[in-house]
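Visitor:
Number of protein chains: 4
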Amino acid sequence: MGIIKEPKQERSIEKRNKILEAGYKLILEKGYYNTNTAEIAKAAGVSSGIVYRYFKDKKDILLQAMQAHFEDLMYNRIFVQFENLTSKEEIPALLPSILQYFVEMHNYGLKEINELTALALLDDDVQEFMEYFRNRTCTVIEETMIRLGYGEEHTKEKAFMIWQLANHLCDDSVLVRHLNLDFDFIFQHSLEQIMDILECKGLEHTF
Amino acid sequence: MGIIKEPKQERSIEKRNKILEAGYKLILEKGYYNTNTAEIAKAAGVSSGIVYRYFKDKKDILLQAMQAHFEDLMYNRIFVQFENLTSKEEIPALLPSILQYFVEMHNYGLKEINELTALALLDDDVQEFMEYFRNRTCTVIEETMIRLGYGEEHTKEKAFMIWQLANHLCDDSVLVRHLNLDFDFIFQHSLEQIMDILECKGLEHTF
Amino acid sequence: MGIIKEPKQERSIEKRNKILEAGYKLILEKGYYNTNTAEIAKAAGVSSGIVYRYFKDKKDILLQAMQAHFEDLMYNRIFVQFENLTSKEEIPALLPSILQYFVEMHNYGLKEINELTALALLDDDVQEFMEYFRNRTCTVIEETMIRLGYGEEHTKEKAFMIWQLANHLCDDSVLVRHLNLDFDFIFQHSLEQIMDILECKGLEHTF
Amino acid sequence: MGIIKEPKQERSIEKRNKILEAGYKLILEKGYYNTNTAEIAKAAGVSSGIVYRYFKDKKDILLQAMQAHFEDLMYNRIFVQFENLTSKEEIPALLPSILQYFVEMHNYGLKEINELTALALLDDDVQEFMEYFRNRTCTVIEETMIRLGYGEEHTKEKAFMIWQLANHLCDDSVLVRHLNLDFDFIFQHSLEQIMDILECKGLEHTF
DNA sequence: TATGAATGAGGATTCATTCAT
DNA sequence: GATGAATGAATCCTCATTCAT
Numbered sequence: 004m005g006i007i008k009e010p011k012q013e014r015s016i017e018k019r020n021k022i023l024e025a026g027y028k029l030i031l032e033k034g035y036y037n038t039n040t041a042e043i044a045k046a047a048g049v050s051s052g053i054v055y056r057y058f059k060d061k062k063d064i065l066l067q068a069m070q071a072h073f074e075d076l077m078y079n080r081i082f083v084q085f086e087n088l089t090s091k092e093e094i095p096a097l098l099p100s101i102l103q104y105f106v107e108m109h110n111y112g113l114k115e116i117n118e119l120t121a122l123a124l125l126d127d128d129v130q131e132f133m134e135y136f137r138n139r140t141c142t143v144i145e146e147t148m149i150r151l152g153y154g155e156e157h158t159k160e161k162a163f164m165i166w167q168l169a170n171h172l173c174d175d176s177v178l179v180r181h182l183n184l185d186f187d188f189i190f191q192h193s194l195e196q197i198m199d200i201l202e203c204k205g206l207e208h209t210f
Numbered sequence: 004m005g006i007i008k009e010p011k012q013e014r015s016i017e018k019r020n021k022i023l024e025a026g027y028k029l030i031l032e033k034g035y036y037n038t039n040t041a042e043i044a045k046a047a048g049v050s051s052g053i054v055y056r057y058f059k060d061k062k063d064i065l066l067q068a069m070q071a072h073f074e075d076l077m078y079n080r081i082f083v084q085f086e087n088l089t090s091k092e093e094i095p096a097l098l099p100s101i102l103q104y105f106v107e108m109h110n111y112g113l114k115e116i117n118e119l120t121a122l123a124l125l126d127d128d129v130q131e132f133m134e135y136f137r138n139r140t141c142t143v144i145e146e147t148m149i150r151l152g153y154g155e156e157h158t159k160e161k162a163f164m165i166w167q168l169a170n171h172l173c174d175d176s177v178l179v180r181h182l183n184l185d186f187d188f189i190f191q192h193s194l195e196q197i198m199d200i201l202e203c204k205g206l207e208h209t210f
Numbered sequence: 004m005g006i007i008k009e010p011k012q013e014r015s016i017e018k019r020n021k022i023l024e025a026g027y028k029l030i031l032e033k034g035y036y037n038t039n040t041a042e043i044a045k046a047a048g049v050s051s052g053i054v055y056r057y058f059k060d061k062k063d064i065l066l067q068a069m070q071a072h073f074e075d076l077m078y079n080r081i082f083v084q085f086e087n088l089t090s091k092e093e094i095p096a097l098l099p100s101i102l103q104y105f106v107e108m109h110n111y112g113l114k115e116i117n118e119l120t121a122l123a124l125l126d127d128d129v130q131e132f133m134e135y136f137r138n139r140t141c142t143v144i145e146e147t148m149i150r151l152g153y154g155e156e157h158t159k160e161k162a163f164m165i166w167q168l169a170n171h172l173c174d175d176s177v178l179v180r181h182l183n184l185d186f187d188f189i190f191q192h193s194l195e196q197i198m199d200i201l202e203c204k205g206l207e208h209t210f
Numbered sequence: 004m005g006i007i008k009e010p011k012q013e014r015s016i017e018k019r020n021k022i023l024e025a026g027y028k029l030i031l032e033k034g035y036y037n038t039n040t041a042e043i044a045k046a047a048g049v050s051s052g053i054v055y056r057y058f059k060d061k062k063d064i065l066l067q068a069m070q071a072h073f074e075d076l077m078y079n080r081i082f083v084q085f086e087n088l089t090s091k092e093e094i095p096a097l098l099p100s101i102l103q104y105f106v107e108m109h110n111y112g113l114k115e116i117n118e119l120t121a122l123a124l125l126d127d128d129v130q131e132f133m134e135y136f137r138n139r140t141c142t143v144i145e146e147t148m149i150r151l152g153y154g155e156e157h158t159k160e161k162a163f164m165i166w167q168l169a170n171h172l173c174d175d176s177v178l179v180r181h182l183n184l185d186f187d188f189i190f191q192h193s194l195e196q197i198m199d200i201l202e203c204k205g206l207e208h209t210f
């Protein structure tokens, strides 16, 4: 037993997706350790047994849900931002809104990413997945930089730094508001740092 | 009825500390949810029952261990660094080694901080403790800045940014090596960003 | 999240009843505090986990078993006795056998009621249930008295006294035999006391 | 080990009595199963270890406390009532106040007897002790009856019935008030029943 | 395929009792 | 004698996973 079915039929795919959505939603809302498979099955409108036909175990639900979620995130929301950039010169004008978009996306749709960050730190499988996601994103940033004519020196490091700066800003955005600090001031600094890495400091655009 | 003993006698303190150390070590190594109280007791060389004389519950072990750990960290390792600074002019010369010290301390003694970060994201009590720790540290940075003659404008934000930059650098240091990136390059950038916030860019010292 | 299943299917009902019976039996035999859930499950021939699908917790087993037991007791054994009475005049002829029936029922099927009485004294939920049972029984006695034409003066008190006399006689029946006393003598006295309350003393029937 | 010390020295006796009093008080207040030995020791102002020098185990505290308590109860409060009776003729005049005294004693000082009744039903040792107490009390009633000139026919049964009537009245007194019934009415009936057994009905005294 | 009943290992916590000091 | 720290068995309940239907 334990053979995982990769569903082909329409109804099966639909069922699998319902489990995925319900599982992801519940895990992000209530936490991985506070969500049990029976709840997920119930929320998905399926029986508890069927879960194990589509997923290896509880963690597999999370991993596959993350995959789907991040796949959507990367292709439909992040990469498209970079593809819009066609020349170095546009950066000062476009970067502020890109960065702002990231922060908003984080706050309004990915606030629950905390749970994932936590799980990534606690669980090797989740960590591996998050690394894979970060690597792909960094690679796209790197490729964009090369496409825009940046030299190849330390490009990997620069891509990494940019991506981490954006992420840390997102994480901090929650904290900063909690501490009643001036988020715009901090946002502006992160923006300048990225601009600095992209060698377009002094050119920045106020928005 | 579950009255927690605050041990005064030497042997009791010793036993309590053994539980604390064993608990902290195991939780950081194996994860909070993967460590059970029986293991902690065994590792500490005590019976399982005695744990509940010194600690309210399992989480209390973690919280008290964190308290001890961070108290030591703050007073003996972090704050002393700031106290050594007596004038703005010293910053370019001293900051690199301070930052490097942080990273090393993180890598050699606090690498497991990941687990704590994770728990802080998952558990409200741990989160509260971590916030308290961050607030105190940021306050000391802020006070140091004022003592060194920095204006009060956006000092809170600057202190927060400096501390987060240092922390994110520490976190990234693990990642960066894992990805075979040039850590020195990234370290240098973080250093410059902090210098920039402290208005001593251009003065930096190579080391 | 611990949702209790109200079983509809035959096999489920059967299993739930097995747990109920095994739990009731063991609790009455060995005492509530000396019976653990694992034993109950084992005696019922089920796994320990399934118990919590049908019952909220250990006490719920007891409470539900009592409910079933007393429901049967009241409707099928006690109330039917009162319904048979159609006029005051019948009482002297019928009361002796009714009372005797109670005592026998107690001795042969409800001797374990001691355990329940004890639990009722120790536990608020059990106490509440026992009160509910007593109230309903007293109410039926009261209604019967009114139906038979007794005045309404102190009817509630009289119903209570009759019921307590019957119960105390049942309890005493065990003790009395243990002490080698003449139970018939005591039985006769209790009977007379009830007759007295029902104003039919002097009319009594020897049996 | 495990040798129980029968203390002779004044300080030891005092310590033993403190444990006895504290244990009895706590057990009656909070229930046997909800009171632990550490609490008893603390309330008695002694160490938890010393308890086991004076008492075999936890139950032994209860049993010895009951012994002391009932010894006092019987000799100083109950038997003295019977000794005051010097002739049959006094009964109608004195019985009401004796009975009333019992009920009050129960309500004001022995209300907690519920806990003991419960334990007697649950535990064989406690049951045995309660039986011993009842037997002695019934014997004294019996002896009093003989002394007052009652014939010996069914005297044991009569003594038992009188004692149980008094006890049941005490127990019911709590219930009856809870149910908003007229206690005086019920009290009067119990009194009459006892009078009846003592062949002095019709002679009763209103009070 | 699908169901959901059933399994049973696992874990935090309590507490009567013992024992080193 | 006295202390109170230490022991460790015992127990209720949860839940990921399996399996009979």
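Chains as they are written, first to last, in the numbering used here: chain A, 4 to 210; chain B, 4 to 210; chain C, 4 to 210; chain D, 4 to 210.
We treat Cβ as the ideally placed atom computed from N, Cα and C, and that holds for glycine.
(1) Looking at chain A, is there any beta carbon in it that lies within less than 7 angstroms of the beta carbon of H208(B)?
(2) Is F105(A) helix, strand or coil when you go by DSSP?
(3) Tell me whether the region 149 to 163 of chain D and the region 64 to 84 of chain D touch, counting them as touching only if at least three CB pairs, one residue from each stretch, are closer than 8 angstroms.
(4) Anyone know if the C-beta pair for M133(A) and A123(A) falls short of 7 angstroms?
(5) So the candidates are M164(A), I16(A), R139(A); which of them puts its Cα closest to the Cα of E195(A)?
(6) By a C-beta neighbour count over all protein chains shown, 10 Å radius and 16 as the cutoff for buried, is Q12(A) buried or exposed?
(7) Along the chain, where does the alpha helix (DSSP H) containing K159(A) start, and where does it finish?
(8) Is there a C-beta anywhere in chain B that falls below 7 angstroms from the one on K114(A)?
(9) From S90(A) to T142(A), what does the alpha carbon distance come to, in whole angstroms?
(10) Counting only beta-carbon atoms, is M198(A) nearer than 7 angstroms to chain B?
(11) Is the separation between the beta-carbon of F188(B) and that of V179(B) shorter than 7 angstroms?
(12) Is DSSP giving S15(A) helix, strand or coil here?
(13) Does chain C have any CB closer than 7 angstroms to the CB of N69(D)?
(14) 7 angstroms is my cut-off, CB to CB: does H171(B) come that close to chain A?
(15) When DSSP labels each residue in this structure, what does F58(D) get in the three-state scheme?
(16) Quick one: Cα of I53(C) to Cα of Q103(B), how far?
(17) Let me see if you follow: with CB-CB separation under 7 angstroms, is L66(B) close to chain A or not?
(18) To the nearest angstrom, report how far apart I101(C) and Y57(C) are at their CA atoms.
(19) Going along the chain, which residues of its own chain have a beta-carbon closer than 7 angstroms to the beta-carbon of K61(C), five neighbours each way excluded?
(20) Which complete alpha helix (DSSP H) runs does the region 27 to 51 of chain A hold, if anything under 4 residues is left out?
(21) Mind listing which residues of the region 148 to 169 of chain B have their C-beta closer than 9 angstroms to chain A's C-betas, in chain order?
(22) So, L182(D) versus I94(D), is the Cβ gap smaller than 7 angstroms?
(23) Excluding the 5 residues preceding and the 5 following F190(C) in the sequence, name in chain order all residues of the same chain whose CB lies nearer than 6 angstroms to its CB.
(24) Does the Cβ of I6(C) have 16 or more other Cβ atoms within 10 Å, making it buried, or fewer, making it exposed?
(25) Measuring alpha carbon to alpha carbon, tell me which residue in L65(B), A96(B), I197(B) is nearest H171(B).
(26) Does DSSP put T142(D) in a helix, a strand or coil?
(27) Go ahead and label V83(A) buried or exposed: buried means 16 or more other beta carbons lie within 10 angstroms of its beta carbon, across all protein chains shown.
(28) What would DSSP say about E155(C), mapped onto helix, strand or coil?
(29) According to the Cβ coordinates, are L212(A) and I43(A) closer than 7 angstroms?
(30) Less than 7 angstroms between the beta carbons of V106(D) and C173(D), yes or no?
(31) Run through DSSP, which three-state label would I22(B) get?
(32) Going by Cα to Cα distance, which pick from S50(D), K59(D), L65(D), S15(D) is closest to E24(D)?
(33) On a Cα-Cα basis, can you pick out the residue from F85(A), T147(A), A47(A) that is closest to E17(A)?
(34) Would you kindly check if the distance between the Cβ of L184(B) and the Cβ of E160(A) is under 7 angstroms?
Guide: Let's see:
(1) By 1-based counting over the second sequence, the position of residue 208(B) is 205. Because the pLDDT of H208(B) is 48, which lies under 50, any placement of that residue in the model is unreliable, and the number read from its coordinates should be weighed accordingly. Taking Cβ atoms only, chain A never reaches closer than 7 angstroms to H208(B), which makes this a no.
(2) On the first sequence, position 102 is the one that residue 105(A) refers to. In this structure, F105(A) counts as helix in the three-state DSSP scheme.
(3) no
(4) Here residue 133(A) refers to the residue found at position 130 of the first sequence. Here residue 123(A) refers to the residue found at position 120 of the first sequence. Closer than 7 angstroms, so yes.
(5) Numbered from its first residue, the first sequence carries residue 195(A) at position 192. The residue with the shortest Cα to Cα distance from E195(A) is M164(A).
(6) By 1-based counting over the first sequence, the position of residue 12(A) is 9. Looking at its Cβ environment, which holds fewer than 16 other Cβ atoms inside 10 Å, Q12(A) is exposed.
(7) Numbered from 1 along the first sequence, position 156 holds the residue referred to as residue 159(A). Counting along the chain, the alpha helix (DSSP H) containing K159(A) begins and ends at 158 to 181.
(8) Here the question's residue 114(A) lines up with position 111 in the first sequence. For K114(A), the predicted structure reports a pLDDT of 49, less than 50, and the residue's modelled location is therefore unreliable. The matter cannot be settled from this model.
(9) Residue numbering aside, residue 90(A) sits at position 87 when the first sequence is read from its first letter. Residue numbering aside, residue 142(A) sits at position 139 when the first sequence is read from its first letter. Looking at the two C-alpha atoms, the distance is approximately 18 angstroms.
(10) Residue numbering aside, residue 198(A) sits at position 195 when the first sequence is read from its first letter. Closer than 7 angstroms: no.
(11) Along the second sequence, one-based indexing puts residue 188(B) at 185. Along the second sequence, one-based indexing puts residue 179(B) at 176. Not closer than 7 angstroms, so no.
(12) Walking along the first sequence from the start, residue 15(A) turns up at place 12. S15(A) falls in the helix class under three-state DSSP.
(13) Position 66 of the fourth sequence, counting from 1, holds the residue named residue 69(D). The sequence as given places Met at residue 69(D); Asn does not occur at that position. Judged by the 7 angstroms Cβ criterion, M69(D) is not in contact with chain C.
(14) For the purposes of this step, residue 171(B) is identified with residue 168 of the second sequence, where counting begins at 1. Yes, H171(B) lies at the interface with chain A (some Cβ there is under 7 angstroms from its Cβ).
(15) Locating residue 58(D) in the fourth sequence gives position 55, counting from the first residue. Coil at F58(D), not helix or strand.
(16) Along the third sequence, read from residue 1 onward, the residue named residue 53(C) stands at position 50. Along the second sequence, read from residue 1 onward, the residue named residue 103(B) stands at position 100. Taking the straight line joining both Cα atoms gives about 57 angstroms.
(17) In the second sequence, residue 66(B) corresponds to position 63, counting from 1. No, no contact with chain A.
(18) To locate residue 101(C), count along the third sequence from 1; it is residue 98. To locate residue 57(C), count along the third sequence from 1; it is residue 54. One C-alpha to the other measures close to 37 angstroms.
(19) For the purposes of this step, residue 61(C) is identified with residue 58 of the third sequence, where counting begins at 1. For K61(C), where only same-chain residues beyond five positions count, the Cβ hits under 7 angstroms are T40.
(20) 40 to 47
(21) H157, K159, E160, K161, F163, M164, Q167, L168
(22) Mapped onto the fourth sequence, residue 182(D) falls at position 179. Mapped onto the fourth sequence, residue 94(D) falls at position 91. No. Outside cutoff.
(23) Stepping through the third sequence from its first residue, residue 190(C) is reached at position 187. Nothing meets the Cβ criterion.
(24) For the purposes of this step, residue 6(C) is taken as residue 3 along the third sequence, with counting starting at 1. Counting Cβ neighbours within 10 Å, I6(C) comes out exposed, since fewer than 16 surround it.
(25) Within the second sequence, residue 171(B) is the residue found at index 168, counting from 1. Minimum Cα distance to H171(B) is reached at I197(B).
(26) Taking the first residue of the fourth sequence as 1, we reach residue 142(D) at position 139. Helix, per DSSP.
(27) The residue given as residue 83(A) occupies position 80 in the first sequence. Exposed.
(28) Counting from 1 along the third sequence, the entry for residue 155(C) is found at position 152. Here E155(C) sits in coil by DSSP.
(29) A query on residue 212(A) cannot be resolved here, the shown segment of chain A reaching from 4 to 210 and no further.
(30) As a position in the fourth sequence, residue 106(D) is number 103, starting the count at 1. As a position in the fourth sequence, residue 173(D) is number 170, starting the count at 1. Yes, the pair counts as a contact, with Cβ atoms nearer than the cut-off.
(31) On the second sequence, residue 22(B) is found 19 positions in, with the first residue counted as 1. Helix at I22(B).
(32) Here residue 24(D) is taken as the residue at index 21 of the fourth sequence, counted from 1. Checking every option, the nearest Cα to that of E24(D) belongs to L65(D).
(33) Position 14 of the first sequence, counted from the start, is the residue given in the question as residue 17(A). The shortest Cα separation from E17(A) among F85(A), T147(A), A47(A) belongs to A47(A).
(34) Walking along the first sequence from the start, residue 160(A) turns up at place 157. Walking along the second sequence from the start, residue 184(B) turns up at place 181. Cβ distance < 7 angstroms, so E160(A) and L184(B) count as in contact.
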